[in-house]
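Protein chains in written order, with my numbering: chain A, 1 to 360; chain B, 1 to 360.
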DNA sequence: CACCAAACCGTAAGCGCTTACAGTTATGGG
DNA sequence: CCCATAACTGTAAGCGCTTACGGTTTGGTG
């Protein structure tokens, strides 16, 4: 046991203890050349003292902070009801963050996480403060407008997820069009469905746009009908999907052959509400999702969906950011990862699940 | 459009633009007294320039970094199988983090998130580096040993979650004993079960210990039997619960009246495996959980469980840390939040769920 | 053994900000 | 109208670290 130094340790304490200059300590700590015995003395001093360099000072003197900030939208509390806890539902965004984290860990970076309220229309302040504390930003979908992104990207490296690339920033997304084409083709050509409803996500999200377009294109080619429009407008949340179906059923509107949901979370709400009304899936209506979020897998859902490589999306985003930060050869402006159709039972295909998690 | 300054802006640029000294700029920015017209000039300059102060410099000159680091264990990948994606299962820890985030947001803090691999037995390095980048640490369960916590806590404020308080650190947990007593009493006194198995979590986690003890106490009082021991040892994961049940059934060991799981995640694995073998819950055996994680609620699980105020636990942890950081009156060493028995169907009580999410 | 290059080290400047201190200007009472 | 006092501002030091620069040591060579 050494005596407790009252204040927090600095590089001077280490230098004194090791009998060298602070410059040498710094050099050893950063792995620059120095004589073996100097290295030893410094390292022992560091170890004995339990010295940890101040990140702030390090960052200030021109070094990297080794921090990447991640900004995502926190779903607002939806009105009371079955899905009222939805902001805790922990689905897509969290898996994405895990992926980012994996990428960051590999480079010794830490992640500064910051969520922005859905209703916060000018998160500039928050994002500015994050920019001051980090080396670069990763922005989830719908955090900032394109011009907002462009502005921030002029000051600090920025990577967007499922957004749109700008002059200065890089975007990472998955191949929505391909996945949706596969899915639609399966529904119209494989199953011969003639009417498909598209239960949309946020109307202006690039992902949503790409999915809609692909769906309409393939359906049109096959001569199938696509229902969209106001009443089929969801919000990527289970509560949104549930609300749409409730409205449809209340008004006794007809159901299509298949309900193509903008994402899995929406599909969960849809299937829940259909079940409540005694409508069977896929017997009465087929339902599909998009994303293949883990919770669906764990629960042995039979949901036919399009798998996005969610974690990899996150990891790729970090890698791109890292390239931007270190000034490595500039990554592509728009990085696209492949998607894959996952056929389970909800589209009408025979599918034998291993068994339900929860007996009913 | 002003001309783009090539380098990143500093307080000097603002001062020059506003025609004042950097000290005045700093004072205005930090809300100290100054003449109204000085304030205006500084604020306009800041706005026009789009100035964002450097967090590093701020932190270095003795200020707060306004960053709290959160460290949690990332579950290792379990062997292939149904639950192989479990590190993505996103349950307890994530909700906790959401709570911490809510607390942090209220104080303008950002969160530096860092996970530690389950197999990493000396995360000192990582934690040291975090300490250098933040004002305080929140450690989830099982991140650091008690002595490890004590050591770190001497350098920087530390709050542990579901751990044990030390001389220097504060612990936040929920009232495991109370919840488990209620649950056990319901099972033995309410249902008259005579044999209960406890499917344990990590054996040395304080939460697990408290739950076991409470269960044994109440059961003993009521003259009921408690089965524990090697074969009933789980790991807080669904895969662990599944493995235990598989082993029991393979060896054709008898089942108790009720399987009391250390947490909900375990219960999910248990129920899954029981269902696979055609064993009905609660008809053949009752099953209970602990935590009341949101996924269970969303899916309208019938799981009888004990609700922990997970989010509040997180928010409380941040508040305690904040108190420590700002030197406010020292919070209690061991903060305990109440728990609540949630009776659904899996214990044998009649329970009418609103309907299954996924038609079966 | 003298000399030169290479390898290493210490000195000191500077990163962008806060704040004690001293200097300046406004305020109000006598 | 003068001066004490209050209110504000600018100057400069310092937070802990990295790194350019020049001095010192080391080791190889003739």
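C-beta: ideal position from N, C-alpha, C; glycine also.
Practice prompt. Indicate whether residue 185 of chain A and residue 141 of chain A have their beta-carbon atoms separated by less than 8 Å.
Written response: no
Item to complete: Using three-state DSSP, classify residue 171 of chain B as helix, strand or coil.
Response: strand
Discussion item. Looking at the secondary structure, which residues open and close the alpha helix (DSSP H) in which residue 17 of chain A lies?
Written reply: 11 to 18
Worksheet entry | Contacting positions in the region 43 to 68 of chain B - beta carbon closer than 7 Å to chain A | 52, 53, 54, 55, 56, 57, 59, 60, 65, 67
Discussion item. Could you pull the DSSP bridge partners for residue 325 of chain A from this structure?
Written reply: DSSP, once it has assigned bridges, lists no residue as partnering residue 325 of chain A.
Worksheet item: When DSSP labels each residue in this structure, what does residue 134 of chain B get in the three-state scheme?
Response: coil
Worksheet item: Using Cβ-Cβ distances below 7 Å, what residues of the region 321 to 336 of chain B are close to chain A?
Response: none
Discussion item. One question on the structure: do residue 93 of chain B and residue 134 of chain B come within less than 8 Å of each other, judged by their Cβ atoms?
Written reply: no
Worksheet item: Since residue 341 of chain A and residue 179 of chain A are thought to touch, with beta carbons under 8 Å apart, how far apart are those beta carbons, to the nearest angstrom?
Response: 7 Å
Item to complete: Output the distance between the C-alpha atoms of residue 265 of chain A and residue 150 of chain A, rounded to the nearest integer angstrom.
Response: 30 Å
Worksheet item: Looking at the C-beta of residue 168 of chain B, does it have a partner C-beta in chain A at a distance below 8 Å?
Response: no
Discussion item. Residues in the same chain with beta-carbon distance under 6 Å from residue 139 of chain B, minus the five sequence neighbours each way, listed in chain order, please.
Written reply: 71, 160
Worksheet entry | Interface residues of the region 95 to 111 of chain A facing chain B [CB-CB below 7 Å] | 95, 98, 101, 110, 111
Fill in: Interface flag, residue 8 of chain B vs chain A, CB-CB below 8 Å
yes
Worksheet item: Which term fits residue 330 of chain B, buried or exposed, when burial requires 16 or more other beta carbons within 10 angstroms of its beta carbon?
Response: exposed
Fill in: Candidates A:137, A:203, A:64: closest to residue 171 of chain A by CA position
A:137
Discussion item. Within 8 Å of any Cβ in chain B, is that where the Cβ of residue 161 of chain A sits?
Written reply: no
Item to complete: Just mark residue 347 of chain A as buried or exposed, buried being the case when its beta carbon has 16 or more other beta carbons within 10 Å.
Response: buried
Discussion item. For residue 175 of chain B and residue 339 of chain B, which I take to be in contact (beta-carbon distance under 8 Å), what is that distance rounded to the nearest angstrom?
Written reply: 5 Å
Worksheet item: So is residue 63 of chain B buried or exposed if we call it buried at 16+ other beta carbons inside 10 Å?
Response: exposed
Practice prompt. Using a Cβ cut-off of 8 Å, pull out every chain B residue sitting near residue 131 of chain A, in sequence order please.
Written response: 52
Discussion item. So that I know if they touch, is there some Cβ in chain B lying closer than 8 Å to that of residue 24 of chain A?
Written reply: no
Worksheet entry | Buried versus exposed, by CB contacts within 10 Å (16 or more), residue 250 of chain A | exposed
Item to complete: Report yes or no: is there a C-beta of chain A within less than 8 Å of the C-beta of residue 192 of chain B?
Response: no
Discussion item. For residue 270 of chain A and residue 65 of chain B, what's the separation of their Cα atoms in angstroms?
Written reply: 45 Å
Fill in: Three-way DSSP call (helix, strand, coil) for residue 233 of chain B in this model
strand
Practice prompt. Name the two residues that bound the continuous alpha helix (DSSP H) containing residue 366 of chain B.
Written response: With chain B covering only 1 through 360, there is no way to say anything about residue 366 of chain B.
Discussion item. Our contact map puts residue 56 of chain B next to residue 56 of chain A with C-beta atoms below 8 Å; I'd like the distance itself, whole angstroms only.
Written reply: 5 Å
Item to complete: Determine the direct distance from the alpha carbon of residue 148 of chain A to that of residue 326 of chain B, and round the result to whole angstroms.
Response: 34 Å
Practice prompt. Give the single residue among B:112, B:316, B:230, B:96 whose Cα lies nearest to the Cα of residue 291 of chain B.
Written response: B:96
Worksheet entry | CA-to-CA distance, residue 28 of chain A to residue 11 of chain B, given in whole angstroms | 33 Å
Worksheet item: Residues of chain A with CB under 8 Å from residue 155 of chain B, in chain order?
Response: 8, 50, 52
Worksheet item: Comparing alpha-carbon positions, which option in A:115, A:109, A:99 lies nearest residue 100 of chain B?
Response: A:115
Worksheet item: Any idea if residue 123 of chain A is buried or exposed, counting beta-carbon neighbours within 10 angstroms, 16 or more meaning buried?
Response: buried
Worksheet item: Roughly how many whole angstroms lie between the Cα atoms of residue 111 of chain A and residue 156 of chain A?
Response: 16 Å
Worksheet item: Quick one: is residue 348 of chain B near chain A, going by C-beta distance under 8 Å?
Response: no
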